[in-house]
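Notes for the one structure printed next.
Residue numbers (this note's numbering): 10 to 66.
Here it is in structure tokens:
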């Protein structure tokens with residue numbers, strides 16, 4: 010049962026990352042900031058999502 014819980018968490022983080030990347034791509038920010046945000050999200054997924062939502066205006 011422990012493996013199922015781990016896979017569920019991984020799937021949720023992946024779906025959240027995809028949603029945030031979609032939001033970044035469709036934002037009105039400059040291209041260089043979009044790329045920076047996407048790299049942060051991909052390199053540190055959970056923290057990257059939190060950072061994006063904290064500084065999103």
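Positions of the beta carbon are idealized from the N, C-alpha and C atoms, including for glycine.
None of these values were measured; they are calculated from a predicted model.
Original post:
Taking all protein chains shown into account, do 16 or more other C-beta atoms lie within 10 angstroms of the C-beta of residue 50, making it buried, or fewer, making it exposed?
Top reply: The residue labelled residue 50 in the question sits at position 41 within the chain shown. With 16 or more other Cβ atoms within 10 Å, it is buried.
**OP:** Go through its chain and collect everything with a Cβ distance to residue 33's Cβ below 6 Å, but skip five positions before and after it.
**Re:** Along the chain shown, one-based indexing puts residue 33 at 24. Counting only Cβ-Cβ distances below 6 Å, and skipping sequence neighbours, we find 43, 46 and 47.
**OP:** Enumerate in chain order the residues of its own chain whose CB-to-CB distance from residue 58 is below 7 Å, with the five nearest sequence positions on each side excluded.
**Re:** Taking the first residue of the chain shown as position 1, residue 58 is located at position 49. The residues are 25, 26, 29 and 50.
Original post:
Hey, how far is the Cα of residue 53 from the Cα of residue 62?
Top reply: Reading the chain shown from its first residue, position 44 is the one you call residue 53. Reading the chain shown from its first residue, position 53 is the one you call residue 62. If you take the alpha carbons of residue 53 and residue 62, they lie about 14 Å apart.
Original post:
To the nearest angstrom, how far is it from the Cα of residue 39 to the Cα of residue 23?
Top reply: Looking up residue 39 in the chain shown gives position 30. Looking up residue 23 in the chain shown gives position 14. If I take the Cα positions, the gap works out to 25 Å.
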